[in-house]
Amino acid sequence: SQQGEEDPQALSIQEGENATMNCSYKTSINNLQWYRQNSGRGLVHLILIRSNEREKHSGRLRVTLDTSKKSSSLLITASRAADTASYFCATGSGAGSYQLTFGKGTKLSVIP
Amino acid sequence: DTAVSQTPKYLVTQMGNDKSIKCEQNLGHDTMYWYKQDSKKFLKIMFSYNNKELIINETVPNRFSPKSPDKAHLNLHINSLELGDSAVYFCASSRGTSDRAQYFGPGTRLLVL
Chain A
1 SQQGEEDPQA LSIQEGENAT MNCSYKTSIN NLQWYRQNSG RGLVHLILIR
51 SNEREKHSGR LRVTLDTSKK SSSLLITASR AADTASYFCA TGSGAGSYQL
101 TFGKGTKLSV IP
Chain B
113 DTAVSQTPKY LVTQMGNDKS IKCEQNLGHD TMYWYKQDSK KFLKIMFSYN
163 NKELIINETV PNRFSPKSPD KAHLNLHINS LELGDSAVYF CASSRGTSDR
213 AQYFGPGTRL LVL
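Line order of the protein sequences matches chains A and B. The numbering of the first sequence is the working numbering, which starts it at 1 and goes up by one. The numbering of the second sequence is the working numbering, which starts it at 113 and goes up by one.
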């Protein structure tokens, strides 16, 4: 069953601007992950944030997690044309679980 | 030195045929997955194997049968292909459970005519 819901479904920005994508989920989670998918390619893992963490950074990426609101956001700063891709959040429910449940994704277009 | 590889990359076939997709990972991971991505980009788990044992078997028609000959390989066989099977199928692997990153293959684009 679908767990994460990304918002917005599509986002178009100018190069150099920041892009923010949101993810909401319904049940308790152990961790939340963000993935990028370039057109015609497989998904690439970007960052993982655990349920006891509130914020995490990796290069130009900043992820926040609010477990009380069951939501997460992915911020890409100083966007580049190469950031054009679909971004998916995925939730993992527990240490004994092997299953990640993916949202429908946000399609980001960065205009040069 | 591709981490997760799939063959074939494209598969065009007639309804009713049987086909297989192969997946191999050289990351030393113990868990492998098959996902189906539909035309709206929704990614749905189909199967998962951990150390060659089936651990996730979602509601998938029994025309789909996974096989894991060893920890590095997970193949997907599809019998009696239907139009609705047209999609992109992704293989992925991870070290352990859902609190680890998954590494995806490039996908197999299946078109059933």
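The C-beta atom is built at its ideal place from N, Cα and C for all residues, glycine as well.
Item, Value
"Please list the partners that B/Phe154 has in chain A, where partner means a Cβ-to-Cβ separation under 7 Å.", "Lys104"
"What would DSSP say about B/Asp142, mapped onto helix, strand or coil?", "coil"
"Which chain E residues sit within Cβ distance under 8 Å of A/Tyr87?", "The structure shown contains no chain E; its protein chains are A and B."
"Do the CB positions of A/Ala85 and A/Arg36 come within less than 8 Å of each other?", "yes"
"List the endpoints of the continuous beta strand (DSSP E) containing A/Met21.", "19 to 24"
"Which of the three DSSP states, helix, strand or coil, is assigned to B/Ala213?", "coil"
"Excluding the five sequence neighbours on either side, which residues of its own chain have a C-beta within less than 6 Å of the C-beta of B/His141, listed in chain order?", "Ser205, Ser206, Arg207"
"Can you confirm whether the stretch 168 to 187 of chain B touches the stretch 61 to 69 of chain A when touching is taken to mean that 3 or more C-beta pairs between the two stretches lie within less than 8 Å?", "no"
"Could you confirm whether any beta carbon from chain B is found closer than 8 Å to the beta carbon of A/Gly16?", "no"
"Roughly how many angstroms separate the alpha carbons of B/His185 and B/Leu155, rounded to a whole number?", "21 Å"
"Does the stretch 155 to 170 of chain B come close enough to the stretch 212 to 225 of chain B that 3 or more CB-CB pairs lie under 8 Å?", "no"
"First and last residue of the beta strand (DSSP E) that includes B/Asn162?", "155 to 162"
"May I ask you to report which of helix, strand or coil DSSP gives A/Ala78?", "coil"
"Would B/Gln214 pass as an interface residue toward chain A - the criterion being a Cβ-Cβ separation below 8 Å?", "yes"
"Is there at least one Cβ from chain A nearer than 8 Å to B/Asn187's Cβ?", "no"
"Can you name, in chain order, every residue of its own chain whose Cβ lies under 8 Å from the Cβ of A/Glu5, other than the five neighbours on each side?", "Cys23, Ser24, Tyr25, Gly103, Lys104"
"Within the same chain, show all residues whose beta-carbon is closer than 6 Å to that of B/Ser180, passing over the 5 residues directly before and after it, in chain order.", "Tyr161, Lys164, Leu186"
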